[in-house]
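Colleague: Numbering (the numbering used here), first residue to last: 9 to 492. Backbone N, C-alpha and C fix where the C-beta goes; we use that ideal spot for every residue, glycine too. Every value quoted in this text rests on a predicted model; they were computed, and no experiment measured them. Let me begin by handing over the structure; questions about it come next.
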Ligand code: MV4
């Protein structure tokens with residue numbers, strides 16, 4: 009119902025006391041002032057705990073859902089209520105949108121927070137929430153859809169005057185059409201899946217001779233992985249950094265940034281370390297990148313928390329939009345430690361129709377850095393290391409934050425990602441943050457499973473990293489392999 013149809017009721021002369029109240033209700037719904045009281049957390053692990061913490065702070069009741077494999081997971085104990093939604097495989101539990109909607113209705117929830125992964129960037133699920141009068145704590149389905157198609161996202165950015173990597177306007181399933189586009193873009197080119205994101209299924213093509221074979225591989229892999237063989241092309245940059253900007257939008261064209269994060273330490277497109285601010289941006293470039301991110305966020309009337317990703321070329325200080333993530337990200341605590349803003353709290357505030365809490369980004373306080381503690385063995389090419397955590401003694405202290413769902417005796421299920429927790433450290437400046445991190449990581453005791461802690465300690469001892477000299481190729485070498 010829109011304001012116009014409220015007007016229609018009036019012109020029809022049917023304005024009684026009841027319809028007056030009715031109109032007021034519709035006007036409130038229109039402005040988004042729906043009051044959220046009870047929220048279902050459609051996730052597991054550390055992010056489920058993180059969201060429950062923010063819910064409590066906002067005075068919301070919480071309903072946790074879990075698979076059979078997560079029956080001993082602390083997010084069940086932290087919530088007011090917990091419901092088992094199915095067996096271990098995510099397709100039969102955390103990815104089963106219909107069951108989750110059903111549980112939300114049955115338990116009287118008026119909102120669903122999807123966390124990251126699983127249903128967080130599923131436009132159909134966001135629509136399903138809307139159809140059931142449940143507030144999806146995230147952007148409109150349409151924003152998810154635009155940004156879910158990476159070629160479409162590039163077009164949106166271009167239209168709004170945000171620089172994109174030189175590349176194809178369209179995506180392709182036909183190798184001959186794509187080859188023509190590749191000639192226009194110029195070699196080397198990078199093939200990316202339209203529905204992929206996060207760098208999965210990318211292929212570098214050095215010259216026209218190998219193009220067709222690589223394209224066939226890329227489109228087949230994209231079809232198998234994402235159910236969509238559409239592939240688009242970008243000029244390949246061999247020595248770049250990954251800079252991403254945290255944004256918040258009110259859904260009505262207003263938006264604010266919360267500075268950038270530098271995520272250049274990745275292995276096979278899995279981020280391992282993220283920090284803010286970026287050690288290599290000067291103030292003018294920072295202002296330009298963050299300004300571009302805000303322009304995009306405003307331009308699509310984005311609602312909620314989002315991240316605008318850029319490639320940054322230190323050689324000429326060029327920056328290029330690559331994609332936008334329409335969710336709260338794993339690494340959001342880096343920005344929280346830097347700015348003092350509770351980003352999940354802001355998500356709830358916006359979902360509740362209260363708009364943005366501030367008009368300008370809060371001043372950064374020192375430097376923040378996050379280390380992902382995964383149950384993976386860095387000594388054996390980061391192989392997953394599931395099992396029982398026989399000992400878990402994390403460091404504590406001022407400026408040290410641990411987001412984790414792990415406890416001594418916890419069994420790491422093999423069905424989901426291997427994230428045990430995130431250690432986030434704040435320092436007065438980058439050097440201070442690195443010293444504190446080194447000390448914190450060296451007294452972090454974990455037994456029973458292999459973890460990425462030794463990798464992080466070695467990284468902190470690396471002079472290139474200490475000096476901030478990290479770019480794509482160096483990182484992948486350090487991480488022990490990877491494509492692109
Ligand atoms: C690129 C690139 C070079 N050229 N795009 C995109 C998603 C992210 N996970 C990696 N991505 C890249 N996109 C073009 N046109 C190189 C990478 C890349 C990368 C970027 C920053 C830091 C580490 C990286 C590791 C591999 C690939």
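#1: Can you tell me whether residue 245 sits near the ligand MV4, meaning its C-beta is under 7 Å from at least one heavy atom of the ligand?
#2: Is the closest heavy atom of the ligand MV4 to the C-beta of residue 354 under 7 Å?
#3: Indicate whether at least one CB of chain D lies closer than 8 Å to the CB of residue 134.
#4: Is DSSP giving residue 332 helix, strand or coil here?
#5: Does at least one heavy atom of the ligand MV4 sit under 7 Å from the Cβ of residue 162?
#6: Taking 8 Å as the cut-off, decide whether the C-beta atoms of residue 165 and residue 108 are in contact.
#7: Which residues in the same chain as residue 289 place their Cβ atom closer than 6 Å to its Cβ, once the five residues preceding and following it in sequence are excluded?
#8: Can residue 198 be considered in contact with the ligand MV4, in the sense that its beta carbon sits closer than 7 Å to one or more heavy atoms?
#9: Which residue comes first and which comes last in the alpha helix (DSSP H) that contains residue 303?
#10: With a CB to CB cut of under 6 Å and the five nearest residues on each side skipped, what residues in its chain are close to residue 382?
#11: So, are the CB atoms of residue 413 and residue 54 less than 8 Å apart?
#12: Taking all protein chains shown into account, decide if residue 202 is buried (16 or more other Cβ within 10 angstroms of its Cβ) or exposed.
#13: Identify every residue that forms a DSSP beta bridge with residue 471.
#14: Sort 295, 431, 270 and 399 by Cα distance to residue 405 and report the nearest one.
#15: Measuring from the CB of residue 319, is there a heavy atom of the ligand MV4 at a distance below 7 Å?
#16: If you draw a straight line from the C-alpha of residue 153 to the C-alpha of residue 135, how long is it?
#17: The ligand NAD and residue 249: does the residue's C-beta get closer than 7 Å to at least one heavy atom of that ligand?
#18: Does the Cβ of residue 118 have 16 or more other Cβ atoms within 10 Å, making it buried, or fewer, making it exposed?
#19: When you measure from the CB of residue 239 to every non-hydrogen atom of the ligand MV4, does any distance come out below 7 Å?
#20: Does residue 366 pass the burial test, meaning 16 or more other C-beta atoms within 10 Å, or should it be called exposed?
#21: Evaluate the contact criterion for the segment 321–341 versus the segment 85–100: three or more CB pairs, one atom per stretch, below 8 Å.
#22: Buried or exposed for residue 311, please, with buried defined as at least 16 other CB atoms from any protein chain shown within 10 angstroms of its CB.
#23: Under the three-state reduction of DSSP, which class applies to residue 113: helix, strand or coil?
#24: Just verifying my parser: in three-state terms, what is the DSSP assignment at residue 135?
#25: With DSSP as the reference, label residue 229 as helix, strand or coil.
#26: Just tell me which of 329, 475, 280 and 354 has its CA closest to the CA of residue 161.
#27: Hey, residue 277 and residue 207 are a contact pair by Cβ (cut 8 Å); roughly how many whole angstroms apart?
#28: By a C-beta neighbour count over all protein chains shown, 10 Å radius and 16 as the cutoff for buried, is residue 272 buried or exposed?
Modeller: Inspection of the coordinates gives the following:
#1: If you number the chain shown from 1, residue 245 lands on position 237. Yes, the Cβ of residue 245 comes within 7 Å of a heavy atom of the ligand MV4.
#2: The residue given as residue 354 occupies position 346 in the chain shown. Checking every heavy atom of the ligand MV4 against the Cβ of residue 354, none is found closer than 7 Å.
#3: Here chain D cannot be found, since the structure has a single protein chain.
#4: What you label residue 332 is simply residue 324 of the chain shown in a count that begins at 1. Strand.
#5: Taking the first residue of the chain shown as position 1, residue 162 is located at position 154. For the ligand MV4, not one heavy atom lies less than 7 Å from the Cβ of residue 162.
#6: Along the chain shown, read from residue 1 onward, the residue named residue 165 stands at position 157. Along the chain shown, read from residue 1 onward, the residue named residue 108 stands at position 100. Cβ distance not < 8 Å, so residue 165 and residue 108 don't count as in contact.
#7: As a first step, residue 289 must be located in the chain shown, where it is residue number 281. The answer is none, since no qualifying residue turns up.
#8: Residue 198 sits at position 190 when you count from the first residue of the chain shown. Indeed, a heavy atom of the ligand MV4 lies less than 7 Å from the Cβ.
#9: As a working mapping, residue 303 is identified with position 295 in the chain shown. Run containing residue 303: 291–307, per the alpha helix (DSSP H) assignment.
#10: Translated into positions along the chain shown, residue 382 becomes position 374. So the qualifying residues of the chain are 426, 427 and 460.
#11: Translated into the one-based positions of the chain shown, residue 413 becomes position 405. Translated into the one-based positions of the chain shown, residue 54 becomes position 46. Their beta carbons are under 8 Å apart, which means residue 413 touches residue 54 by this criterion.
#12: Here residue 202 refers to the residue found at position 194 when the chain shown is read from its first residue. Flag for residue 202 reads buried.
#13: Stepping through the chain shown from its first residue, residue 471 is reached at position 463. Paired residue(s): none; residue 471 is not in a bridge.
#14: Locating residue 405 in the chain shown gives position 397, where the first residue counts as 1. Comparing Cα positions, the closest option is 431.
#15: The residue given as residue 319 occupies position 311 in the chain shown. Yes, since a heavy atom of the ligand MV4 falls inside the 7 Å radius drawn around the Cβ of residue 319.
#16: Translated into positions along the chain shown, residue 153 becomes position 145. Translated into positions along the chain shown, residue 135 becomes position 127. The straight-line gap from Cα to Cα measures roughly 11 Å.
#17: This structure does not include the ligand NAD; its bound ligands are the ligand MV4.
#18: On the chain shown, position 110 is the one that residue 118 refers to. Flag for residue 118 reads buried.
#19: Here residue 239 is taken as the residue at index 231 of the chain shown, counted from 1. No; taking the cut-off as 7 Å, the Cβ of residue 239 has no heavy atom of the ligand MV4 nearer than that.
#20: Here residue 366 refers to the residue found at position 358 when the chain shown is read from its first residue. Result: exposed.
#21: no
#22: Against the chain shown, residue 311 aligns to sequence position 303. When all chains shown are included, residue 311 counts as buried.
#23: The residue given as residue 113 occupies position 105 in the chain shown. Of the three classes helix, strand and coil, the one that applies to residue 113 here is helix, per DSSP.
#24: On the chain shown, residue 135 is found 127 positions in, with the first residue counted as 1. Reduced to three states, the DSSP call for residue 135 is helix.
#25: The residue given as residue 229 occupies position 221 in the chain shown. Three-state result, residue 229: helix.
#26: As a working mapping, residue 161 is identified with position 153 in the chain shown. Among 329, 475, 280 and 354, the Cα nearest to that of residue 161 belongs to 329.
#27: Position 269 of the chain shown holds residue 277. Position 199 of the chain shown holds residue 207. The pair is a contact, with the Cβ atoms about 4 Å apart (cut-off 8 Å).
#28: Translated into the one-based positions of the chain shown, residue 272 becomes position 264. Classification of residue 272: buried, given that the 10 Å Cβ count is 16 or more.
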